[in-house]
Every structure is written in structure tokens, then in C-alpha cells.
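Residue numbers (this note's numbering): 12 to 139.
Using N, Cα and C, we set each Cβ at its ideal position, and we do this for glycine too.
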């Protein structure tokens, strides 16, 4: 077995795993019942799927100066996916696009109720 065959096999395995993770994310977007479940399905497996596809591409290129660029693309994904999921989840919660029966513990309700009251303000930091 040559080194090229081993690298091709490794890249093929990474590509299949990445494709399956991305497929799982797509199926989760279609099948899950509410916004928060769909948001979870869109972010968690997609980040791992992209990592596997980026690693497969880096191996297939056989030119190692592309590896930092590919990892930078994955790093940007891993930095932006949680932030965007948080923003979408928070907006969905505030606009009542959620299923309260699926929540185990609603820790955000008191803060949202306090801020939604007329004259409701955020807690102010007192200078001492």
C-alpha cells in the first residue's frame, strides 16, 4: 500500500463522515418540531461535518500550505455558529416561536417578563 492510497482512503472516510453529519443537520432541520431543536440541529453536526470535509479537502490537495487556510475557514465557522444560534434562539424565545411544553426549566422567563413591563429596565450597575 502506498502513501497516496492511505491518504486517499483517509480523505474518503473523512468525506463520508462529513457528508453524513451535514445530512443529519439537514434532516434535523426538516424533522425537529420547534425552532430551538432545529437551531441545535443546524449548528452542532454542521460544525463537525465541515471539519471533516475541510480535513478531507486538505488531504486531497496534497499541498500542505492550504491546511491553515482550510482550518481558518473551519475556525470562523466554529466562532460564528454558536453566536448566530444564540441570537436566533433568543429572538425565537422573545417572539414566542417556541414550545413551552418542551422546556425543562425556563430560566429566561423572569428576565424577559421584567424587561417587557412598562418602564422595565435592565439592572443597573451601581458604582461604589
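Report all residues from its chain with a CB closer than 6 Å to the CB of residue i; omit the five preceding and five following residues, and keep chain order.
i: residue 124; result: none
i: residue 28; result: 63
i: residue 66; result: 25
i: residue 60; result: 29, 32 and 33
Determine whether the beta carbon atoms of residue i and residue j lie at a separation below 9 Å.
i: residue 71; j: residue 18; result: yes
i: residue 23; j: residue 57; result: no
i: residue 38; j: residue 16; result: no
i: residue 81; j: residue 54; result: no
i: residue 104; j: residue 119; result: yes
Excluding the five sequence neighbours on either side, which residues of its own chain have a C-beta within less than 8 Å of the C-beta of residue i, listed in chain order?
i: residue 100; result: 46, 47 and 50
i: residue 78; result: 69
Got a sec? Which residues, its chain only, sit under 7 Å from residue i by beta carbon, not counting five neighbours each side?
i: residue 110; result: 44 and 45
Scan the segment 24–107 and note each continuous alpha helix (DSSP H) run of 4 residues or more that stays entirely inside, going in chain order.
46–72 and 78–105
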